[in-house]
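S.K.:
Residue numbers (the working numbering): 81 to 222.
1. Rounded to whole angstroms, what's the CA-CA distance from residue 116 to residue 146? Just pull it up for me.
2. Do you know offhand how far residue 119's Cα is from residue 113's?
3. Spatial neighbours of residue 164 within its chain, please: C-beta separation below 8 angstroms, excluding the five flanking residues on both sides.
4. Apart from the five residues on each side of it in sequence, which residues of its chain come closer than 7 angstroms, Cβ to Cβ, to residue 104?
5. Among 177, 176, 199 and 167, whose alpha-carbon lies nearest the alpha-carbon of residue 131?
6. Quick one: what does DSSP say residue 94 is sitting in, helix, strand or coil?
7. Looking only at its own chain, which residues have a Cβ that is under 8 angstroms from the Cβ of residue 108, when we skip the five neighbours before and after it?
8. Taking 7 angstroms as the line, does the beta carbon of residue 119 fall inside it for any heavy atom of the ligand ADP?
9. Do the CB positions of residue 98 and residue 162 come within less than 8 angstroms of each other?
10. Thinking C-beta only, is residue 92 closer than 8 angstroms to residue 150?
11. Considering Cα atoms alone, identify which of 102, 153, 158 and 170 is closest to residue 125.
12. Measuring straight from C-alpha to C-alpha, what distance separates residue 96 and residue 160?
The following block contains the structure:
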């Protein structure tokens, strides 16, 4: 069950995490539990900030693991299911934003992240994708 709706008053920062962070967490958490990604996911689970995790992000996570043989072999399916359940229960409800999304980056598959970040007024879009990292000025607020 999702947490409170997006329009509820909250003093916490809103954070949108890119799918690649969850994949890195699933690949490395057991070997390196002190990593920055593990700490970030730990903060998510502890409720340190409001998690914006649209269905599109969770769907992308599942599809990416399912369709890439290396990930499918390397990520324990029980760990994936547990993470998806946890994220589903922690996130603020974020109604879908229908596409098409404004084209911003070369990888059109990432445009939806920027659309969600803007639409839900996130404070931070956390990603390991270099192409998205250089676009930080698009999300900066006045």
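Even glycine gets a Cβ: it sits at the ideal position worked out from N, Cα and C. Please read these numbers as outputs of a predicted model, since none were measured by experiment.
M.R.: If we stick to the structure as given:
1. 25 angstroms
2. 8 angstroms
3. 138, 141 and 142
4. 117 and 208
5. 167
6. strand
7. 115, 117 and 118
8. Of ligands this structure carries none, so the ligand ADP is not represented either.
9. no
10. no
11. 170
12. 19 angstroms
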